[in-house]
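Below is one structure, written out as structure tokens; the observations come after it.
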Amino acid sequence: LLPKGTTCPHCSSPGPFRKETNILDVWFDSGVSHAAVLETRADLHSPADMYLEGSDQHRGWFHSSLLESVGTRNRAPYRTVLTHGFVVDGEGKKMSKSLGNVIEPQEVIDRYGAEILRLWVAAEDYTDDIRISEEIINRLIEAYRRIRNTSRFILGNLYDFDPAQDAVPYEEMTEMDRFALHRLQEIISRVRDAYERYQFHVVYYTLYNYCTVDLSALYLDVLKDRLYTSRRDEKGRRSAQTAMWYIIDAMTRLLAPILTFTAEEIWDHLPPSAGKAQSVHLALFPETDTRFMDEKLANRWETMLSIRSEVAKAIEIARQKKIIGHSLDASVSIKAPERILSILEGKEEDLRALFIVSRIALAREEENHAVCYASEEIPGLTIYVGKAPGAKCQRCWIYSEKLGTNPDHPEICERCAVRI
Numbered sequence: 036l037l038p039k040g041t042t043c044p045h046c047s048s049p050g051p052f053r054k055e056t057n058i059l060d061v062w063f064d065s066g067v068s069h070a071a072v073l074e075t076r077a078d079l080h081s082p083a084d085m086y087l088e089g090s091d092q093h094r095g096w097f098h099s100s101l102l103e104s105v106g107t108r109n110r111a112p113y114r115t116v117l118t119h120g121f122v123v124d125g126e127g128k129k130m131s132k133s134l135g136n137v138i139e140p141q142e143v144i145d146r147y148g149a150e151i152l153r154l155w156v157a158a159e160d161y162t163d164d165i166r167i168s169e170e171i172i173n174r175l176i177e178a179y180r181r182i183r184n185t186s187r188f189i190l191g192n193l194y195d196f197d198p199a200q201d202a203v204p205y206e207e208m209t210e211m212d213r214f215a216l217h218r219l220q221e222i223i224s225r226v227r228d229a230y231e232r233y234q235f236h237v238v239y240y241t242l243y244n245y246c247t248v249d250l251s252a253l254y255l256d257v258l259k260d261r262l263y264t265s266r267r268d269e270k271g272r273r274s275a276q277t278a279m280w281y282i283i284d285a286m287t288r289l290l291a292p293i294l295t296f297t298a299e300e301i302w303d304h305l306p307p308s309a310g311k312a313q314s315v316h317l318a319l320f321p322e323t324d325t326r327f328m329d330e331k332l333a334n335r336w337e338t339m340l341s342i343r344s345e346v347a348k349a350i351e352i353a354r355q356k357k358i359i360g361h362s363l364d365a366s367v368s369i370k371a372p373e374r375i376l377s378i379l380e381g382k383e384e385d386l387r388a389l390f391i392v393s394r395i396a397l398a399r400e401e402e403n404h405a406v407c408y409a410s411e412e413i414p415g416l417t418i419y420v421g422k423a424p425g426a427k428c429q430r431c432w433i434y435s436e437k438l439g440t441n442p443d444h445p446e447i448c449e450r451c452a453v454r455i
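Below is the structure:
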């Protein structure tokens with residue numbers, strides 16, 4: 036019964052050992068384990084912070100421990116009880132060698148690595164029976180790949196970023212980047228709360244959705260024009276890098292308890308900064324930073340994002356009609372109620388970047404375009420989409436009517452010409 040290498044805790048003798056046979060009752064003996072262990076070791080404390088076991092122990096160990104401790108000490112032997120379901124196969128059936136549906140943890144580690152096993156444990160809601168199958172593992176492998184690729188994209192775009200020299204003060208950052216930092220604070224708050232409640236599946240889904248939806252499909256996609264076409268030290272590019280640095284720093288620390296090795300690998304590639312811990316596992320857990328919270332700005336950008344979703348529908352119609360190919364081929368006009376136009380006015384360049392189109396205009400009257408889309412989600416919102424005027428810049432792919440104004444660069448737009 037003893038593991039190999041066991042020695043006597045008093046004299047360090049390797050044995051032989053005698054099996055204890057003085058058992059009063061297995062449930063009574065397990066119920067007094069808190070007294071035998073916690074109260075006899077100086078490095079431990081009583082009551083225990085947590086008792087963790089399967090749901091069958093409500094009438095077993097949890098129950099016997101509670102009865103014994105209340106009877107002799109007038110208090111519970113634990114501060115918290117956490118119970119979990121049992122591991123079953125993908126169809127919810129009990130695992131059995133005769134059924135051939137047993138998946139050994141070591142097999143998963145050997146084939147896919149410990150990170151995938153940890154990700155599976157975190158992703159499943161343990162309050163119910165915990166399912167595992169090849170299909171579930173393959174879904175988590177794809178999720179892991181997306182998290183890793185998002186982190187790699189950010190790190191790749193921080194290759195020339197020195198926080199001490201290049202970070203842009205919050206007040207001077209673009210609105211889009213400040214909104215990204217506001218959103219980050221919401222993620223930090225939600226993930227911290229989930230960790231404290233032991234809701235690890237909420238941690239996983241929050242961070243996974245943040246990587247795939249908020250970052251990859253939106254923010255990082257929109258940033259590509261600024262990152263790839265701006266001059267190296269241009270403030271807009273440095274603003275984007277500043278936001279990405281805050282994001283990857285916090286995200287890595289939030290991921291560390293689950294993706295232990297991956298988080299350490301990311302941490303090793305983060306730009307060096309003052310006070311950076313040697314290991315992510317020695318760094319403090321991130322807390323929400325009220326300096327980066329701006330509800331008024333967030334409400335404005337949430338409105339813009341809701342309009343972006345409707346613009347995407349109109350652009351897809353134009354694409355299906357062969358009017359445009361890529362969204363950058365499009366010119367978009369927005370007709371909306373005055374309350375919406377008042378939010379959008381003066382933000383045309385932000386909207387153009389957010390929608391990833393070549394031209395954006397706000398309209399109070401109906402316009403004549405190839406596509407006229409009346410939103411069903413936002414009353415009074417009409418979106419017009421047509422082919423963008425001008426020619427396509429060979430550097431940024433944005434259509435411009437001022438292409439070739441610089442004779443030295445006849446195939447690129449005026450915006451790009453001043454950047455090279």
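Quick note: our numbering has the sequence shown finishing at residue 455, numbered continuously throughout.
Here a beta-carbon is modelled for each residue, glycine too, at the ideal position from N, C-alpha and C.
Every value quoted in this text rests on a predicted model; they were computed, and no experiment measured them.
Give me the Cβ distance between Y147 and Y113, rounded to the nearest whole Å; I'm assuming they're in contact under 8 Å. As a position in the sequence shown, residue 147 is number 112, starting the count at 1. As a position in the sequence shown, residue 113 is number 78, starting the count at 1. Contact flag wrong, Cβ pair sits at about 35 Å.
What distance in whole Å lies between the Cβ atoms of L216 and A178, which are believed to be in contact at a cut-off of 8 Å? The residue given as residue 178 occupies position 143 in the sequence shown. The residue given as residue 216 occupies position 181 in the sequence shown. That belief does not hold up - the Cβ atoms of A178 and L216 are roughly 25 Å apart, past 8 Å.
Is the separation between the beta-carbon of P306 and that of L193 shorter than 8 Å? Mapped onto the sequence shown, residue 306 falls at position 271. Mapped onto the sequence shown, residue 193 falls at position 158. Result yes, Cβ atoms of P306 and L193 sit closer than 8 Å.
Every unbroken beta strand (DSSP E) within the stretch 110 to 165, with a cutoff of 3 residues, ordered by chain: You should have 113 to 119 and 122 to 124.
Here's the rule I'm using: 16 or more other beta-carbon atoms within 10 Å means buried, otherwise exposed. How should G135 be labelled? The residue you call residue 135 lines up with position 100 of the sequence shown. Classified as exposed, G135 has fewer than 16 neighbouring CB atoms from the shown chains inside 10 Å of its CB.
Could you pull the start and end residues of the alpha helix (DSSP H) that T287 belongs to? Reading the sequence shown from its first residue, position 252 is the one you call residue 287. Residues K270 to L290.
Look at the alpha carbon of E351 and the alpha carbon of L376, and state the distance between them as a whole number of angstroms. Numbered from its first residue, the sequence shown carries residue 351 at position 316. Numbered from its first residue, the sequence shown carries residue 376 at position 341. Computed Cα separation, rounded: 23 Å.
Residues in the same chain with beta-carbon distance under 7 Å from I144, minus the five sequence neighbours each way, listed in chain order, please. For the purposes of this step, residue 144 is taken as residue 109 along the sequence shown, with counting starting at 1. Closer than 7 Å at the Cβ level, and outside the excluded window around I144, lie L152.
Here's a check: name, in chain order, each residue in its chain whose Cβ is nearer than 6 Å to the Cβ of E126, leaving out the five neighbours to either side. In the sequence shown, counting from the first residue as 1, residue 126 sits at position 91. Sequence-distant Cβ neighbours of E126 in its own chain, meaning closer than 6 Å and more than five residues away, do not exist here.
Flag this pair as touching only if the stretch 339 to 354 and the stretch 293 to 311 have three or more C-beta atom pairs under 8 Å; answer yes or no. Short answer: they don't touch.
Report yes if the C-beta of L363 is less than 7 Å from at least one heavy atom of the ligand MG; otherwise report no. Only the bare structure without any ligand can be found here, which leaves the ligand MG out of the picture.
Along the chain, where does the alpha helix (DSSP H) containing D385 start, and where does it finish? Position 350 of the sequence shown, counted from the start, is the residue given in the question as residue 385. It spans E383 to F390 - the alpha helix (DSSP H) in which D385 sits, taken as one unbroken run.
Contact check, R343 vs F320, beta carbons under 8 Å: The residue labelled residue 343 in the question sits at position 308 within the sequence shown. The residue labelled residue 320 in the question sits at position 285 within the sequence shown. No; because the gap between Cβ atoms is not below 8 Å, this pair is not in contact.
Keeping to the same chain, check which residues put their C-beta closer than 7 Å to that of A157; ignore five residues upstream and five downstream. Within the sequence shown, the letter at position 122 stands for residue 157. Around A157: F235, H236, V238, Y239 and I293.
How about S99 and W155: are their beta carbons less than 8 Å apart? As a first step, residue 99 is located in the sequence shown; it is residue number 64 there, counting from the start. As a first step, residue 155 is located in the sequence shown; it is residue number 120 there, counting from the start. No, these two residues do not count as a Cβ contact at 8 Å.
Which whole-angstrom value is the C-beta distance of G421 and A405, which I expect to be below 8 Å? Locating residue 421 in the sequence shown gives position 386, where the first residue counts as 1. Locating residue 405 in the sequence shown gives position 370, where the first residue counts as 1. Yes, they are in contact, since the Cβ atoms of G421 and A405 sit about 5 Å apart, within 8 Å.
Nearest-angstrom Cα separation, counted from I282 out to K248: The residue labelled residue 248 in the question sits at position 213 within the sequence shown. The residue labelled residue 282 in the question sits at position 247 within the sequence shown. Just to set this straight, residue 248 is Val in the shown sequence, not Lys. In a straight line, the C-alpha of V248 is about 14 Å away from that of I282.
Between which two residues does the beta strand (DSSP E) containing T417 stretch? Here residue 417 refers to the residue found at position 382 when the sequence shown is read from its first residue. Where T417 is concerned, the enclosing beta strand (DSSP E) stretches over T417 to K422.
So the beta strand (DSSP E) L87 belongs to, where does it begin and stop? Position 52 of the sequence shown, counted from the first residue, corresponds to residue 87. Taken as a continuous stretch (DSSP letters only), the beta strand (DSSP E) holding L87 covers A83 to G89.
Helix, strand or coil, according to DSSP, for K356 in the structure here? Position 321 of the sequence shown, counted from the first residue, corresponds to residue 356. Coil at K356, not helix or strand.
Continuous beta strand (DSSP E) stretch holding R522: start and end: A query on residue 522 cannot be resolved here, the shown segment of the chain reaching from 36 to 455 and no further.
CA-to-CA distance, M286 to E300, given in whole angstroms: If you number the sequence shown from 1, residue 300 lands on position 265. If you number the sequence shown from 1, residue 286 lands on position 251. Roughly 13 Å between the two C-alpha positions.
What are the partner residues of L294, as DSSP defines its beta bridges? Locating residue 294 in the sequence shown gives position 259, counting from the first residue. For L294, no pairing in a beta bridge is given by DSSP.
Measure from the alpha carbon of E88 to the alpha carbon of each residue in V116, P49, L262 and Y230, then state which is nearest. Taking the first residue of the sequence shown as 1, we reach residue 88 at position 53. With distances taken between Cα atoms, E88 lies closest to V116.
For Q200, count neighbouring Cβ atoms within 10 angstroms of its own Cβ and tell me buried if that reaches 16, exposed if not. As a position in the sequence shown, residue 200 is number 165, starting the count at 1. Answer is exposed; the Cβ neighbour count stays below 16.
Give the straight-line distance between the Cα atoms of G66 and D329, rounded to the nearest whole angstrom. The residue given as residue 66 occupies position 31 in the sequence shown. The residue given as residue 329 occupies position 294 in the sequence shown. A direct Cα-to-Cα measurement between G66 and D329 gives close to 52 Å.
E150 beta carbon less than 8 Å from that of T241: Mapped onto the sequence shown, residue 241 falls at position 206. Mapped onto the sequence shown, residue 150 falls at position 115. For T241 and E150, no; Cβs fall outside 8 Å.
Give the range of the beta strand (DSSP E) segment to which L438 is assigned. By one-based count along the sequence shown, residue 438 stands at place 403. Neither: L438 is in no beta strand (DSSP E) and is coded neither H nor E.
Would you say the stretch 68 to 75 touches the stretch 50 to 60, given that touching needs at least three Cβ pairs under 8 Å? Using a C-beta cut-off of 8 Å, the stretch 68 to 75 makes no contact with the stretch 50 to 60, since fewer than three inter-stretch Cβ pairs fall below that distance.
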